[in-house]
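Chains as they are written, first to last, in the working numbering: chain A, 12 to 312; chain B, 1212 to 1576. Report on the following structure.
This is the structure in structure tokens:
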């Protein structure tokens, strides 16, 4: 009797099922990944080697799309605008975020509330943030113009002036994403051991030396991670610009993402746009890899 | 080097009273151990001296200087932390040299000094490593080197040996003692380990519940404890305490009359003695019918190699007895516990020592 049930059990859990079970369990997830990640990626790569007319591929062009990019003045300009935007926004965010995190490390009345308030911009939908800033920047009825007029000045041109529009965009990004820097850096600061700081105070270091000799060196890996994350993310900035300026005035705020979007959907050059985005993807990938290598080196030393 | 003085130091953390009016004086060039169970306020006392915590009330002096409101860096002290607190991003040499560097010592002088203390602590070959590449014992040495690289007014050590394994702790205990004697440095050493306190210190200050219980040289702490707490906290196994009732000829302990001489008996009477204290090594195992031996039964026998610890159940409670290595008793066996009443001390009902032992085993206190 007992041997009988045991034998049936073995048959049910036979070697075949045992081997197949993990794959069966993986199948749904794998299908989704293939469908929404791998296939579109492959399709994008394929599209980047073709020429399109009226939304349909008409010919294979090999790497010609990629070569053409580097003689396209509009592409080069949008790349330059993006690099300027990312470098400026991320460095301001890093400095501001670090300063805020250092400040919020101290315990005092209302600190919990302050920490919470500081995170709010990050959790607002980007499009809403952009609309908010358009209401602030608008030259006719915007907040800045209203303020200026209340103080006896004239209307303020933000979105109509190339330099002001670019700065306005950076300000928006800083406002929205400094909280992320702040959050990561605060977590990093809070995880540092206390004793070395006390030892340094006993050894004779003042606040500035403690920061320069201990806090900053110990925070370098965390800072690097935060900057890399933000850089990758900032390269893909789209919705804020789309709502705020659509890339204008002229090409002043035309980030690579906006130019790519225009190429694909306005100018219907699907293949060319695909090549553009693949190129940007590779650039970001290279950035990420070099950042990780940098981190490893900091870690090892 | 300087003396250190606590004057009526109080520390509250919110409603929690951690130190209640601590008065403590450490003479110049002396090694003081602050001893007590965890939560007794010893680390808080040290941190107040370091300037890492501010006292709620009272004053702290280093030498003639009132340092109560000074920043740690202005107090001219060096500290060794329990977790060593090395600077992780700096090399060993940079760690050791940091107190000099921050004070603007020129590089040549700094290098010479680093080399000197590194050779004293035998870590000269580690100077280019970083803390994470060192073992616990090596980190300990680096932390010590960083403390002695300057010539501060006082050394503060917060349980520096508690993160080491047992064998290394023994070695470092001896080394720190030697180092401190060599430097003739005023040292405040916080520990919960009574063996460390007794073996290393010139003076031991026993703390409990935020209050100083007794401050005295180690032998005196051991032989003439001020109260029941000190008596039982210092010594391993701890002092045996049994209820004692006064009678005509002496005191009644575990159902037996223990005769006392006239002077001690009078002192016991005057203080209305409630308990007797006996060190395990002052007790000996005897036949159960020996005159004056307290009758009991063997509860646990623990052979230690060099001796045997015997726990005996008596009428008023259990006592530990240090018996010879050849002790051959069996659990449950009847046994007598013999002792010389001159070695006993007596506590009154408040737990204060009313009558000290007479014999000091030839030691001068």
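Think of the CB as a built atom: it goes at the ideal place given N, C-alpha and C, for glycine as much as any other residue.
Rounded C-alpha distance that separates residue 1496 of chain B from residue 1404 of chain B: In a straight line, the C-alpha of residue 1496 of chain B is about 28 Å away from that of residue 1404 of chain B.
Within chain A, the residues that residue 1310 of chain B reaches when beta carbons sit closer than 7 Å: The contacting residues are 214, 215.
Contact set between residue 1323 of chain B and chain A, taken where Cβ atoms lie within less than 7 Å: Here the premise fails: no neighbours, minimum Cβ distance about 19 Å.
Element boundaries [beta strand (DSSP E), containing residue 1398 of chain B]: Element bounds for residue 1398 of chain B: 1398-1402.
Three-state class that DSSP yields for residue 1433 of chain B in the structure shown: Here residue 1433 of chain B sits in helix by DSSP.
6 Å CB neighbourhood of residue 1236 of chain B in its chain, flanking five on each side removed: If we look at residue 1236 of chain B and ignore the five residues flanking it on each side, its Cβ neighbours are 1216.
Contact with chain B by residue 230 of chain A, beta-carbon distance below 8 Å: Proximity of residue 230 of chain A to chain B, defined by a Cβ-Cβ separation below 8 Å, is not satisfied.
Minimum C-alpha distance to residue 1492 of chain B - residue among B:1527, B:1507, B:1500, B:1446: The residue with the shortest Cα to Cα distance from residue 1492 of chain B is B:1446.
Partner residues on chain A for residue 1288 of chain B, Cβ-Cβ distance less than 9 Å: 213, listed in chain order.
Residue 206 of chain A versus B:1214, B:1269, B:1270, B:1290, residue with shortest Cα-Cα distance: For the options B:1214, B:1269, B:1270, B:1290, the alpha carbon positioned closest to that of residue 206 of chain A is the one of B:1290.
Span separating the alpha-carbon of residue 285 of chain A from that of residue 58 of chain A: Rounded to whole angstroms, the gap between the alpha carbons of residue 285 of chain A and residue 58 of chain A is 6 Å.
Element boundaries [alpha helix (DSSP H), containing residue 250 of chain A]: It spans 250-255 - the alpha helix (DSSP H) in which residue 250 of chain A sits, taken as one unbroken run.
4 or more residues per run - each alpha helix (DSSP H) lying fully within the region 1294-1375 of chain B: The qualifying runs are 1303-1313, 1318-1331, 1347-1359.
Inter-residue spacing [alpha-carbon to alpha-carbon] between residue 303 of chain A and residue 230 of chain A: Residue 303 of chain A and residue 230 of chain A have their C-alpha atoms roughly 16 Å apart.
Alpha helix (DSSP H) segment containing residue 277 of chain A, residue limits: Looking at the DSSP string, residue 277 of chain A is not in any alpha helix (DSSP H), and its letter there is neither H nor E.
Under 8 Å by beta carbon: chain A residues contacting residue 1292 of chain B: Around residue 1292 of chain B, the beta-carbon contacts reaching into chain A at under 8 Å are 206, 209, 210.
Sub-8 Å separation of residue 176 of chain A and residue 93 of chain A beta-carbons: Contact flag unset, no.
Boundaries (first-last residue) of the alpha helix (DSSP H) holding residue 88 of chain A: Residue 88 of chain A -> alpha helix (DSSP H) spans 84-116.
Reduced DSSP category for residue 119 of chain A - H, G, I as helix; E, B as strand; rest coil: Coil at residue 119 of chain A, not helix or strand.
Close beta carbons around residue 1575 of chain B, own chain, < 7 Å, minus the five adjacent residues each side: Any reading at residue 1575 of chain B must be qualified, since the residue scores a pLDDT of 46, below 50, and its modelled position is unreliable; no value is offered.
C-beta atoms of residue 1370 of chain B and residue 1384 of chain B nearer than 8 Å: No, the pair does not count as a contact, with Cβ atoms beyond the cut-off.
C-beta atoms of residue 184 of chain A and residue 100 of chain A nearer than 8 Å: It is a contact, given that the beta carbons lie within the stated cut-off.
Classification of residue 153 of chain A by the beta-carbon crowding that lies within 10 angstroms, buried from 16 upward: Residue 153 of chain A should be labelled buried.
Contact check, residue 1461 of chain B vs residue 1504 of chain B, beta carbons under 8 Å: Judged by their CB atoms, residue 1461 of chain B and residue 1504 of chain B are not nearer to each other than the 8 Å cut-off.
Cβ neighbours of residue 1423 of chain B in the same chain (closer than 8 Å, five flanking residues each side left out): 1233, 1234, 1235, 1416, 1417, listed in sequence order.
Under 9 Å by beta carbon: chain B residues contacting residue 220 of chain A: Ordered by position in chain B, the residues that pass the 9 Å Cβ test against residue 220 of chain A are 1313.
Selection from B:1413, B:1551, B:1347 that minimises the alpha carbon distance to residue 1377 of chain B: Of B:1413, B:1551, B:1347, the residue nearest in Cα terms is B:1347.
Three-state secondary structure (DSSP) of residue 264 of chain A: Three-state result, residue 264 of chain A: coil.
Alpha carbon of residue 1247 of chain B to alpha carbon of residue 133 of chain A, nearest angstrom: One C-alpha to the other measures close to 50 Å.
Pairwise C-alpha distance: residue 55 of chain A and residue 48 of chain A: Distance between residue 48 of chain A and residue 55 of chain A, taken at the CA atoms: about 11 Å.
Cutoff 6 Å; reference residue 62 of chain A; Cβ partners in own chain excluding five residues on either side: Around residue 62 of chain A: 69, 70, 72, 282.
Residue-chain proximity (residue 87 of chain A, chain B), Cβ-Cβ < 8 Å: Closer than 8 Å: no.
Reference residue 306 of chain A; option with closest CA among A:228, A:38, A:213: Checked all of A:228, A:38, A:213; the closest Cα to residue 306 of chain A is A:228.
Local Cβ density within 10 Å of residue 1399 of chain B, reported as buried at 16 or more and exposed below that: Buried, by the Cβ-count rule.
Interface flag, residue 200 of chain A vs chain B, CB-CB below 8 Å: So, not an interface residue.
Residue 1234 of chain B: first and last residue of the uninterrupted alpha helix (DSSP H) it sits in: Per DSSP, residue 1234 of chain B belongs to no alpha helix (DSSP H); it is in the beta strand (DSSP E), 1227-1237.
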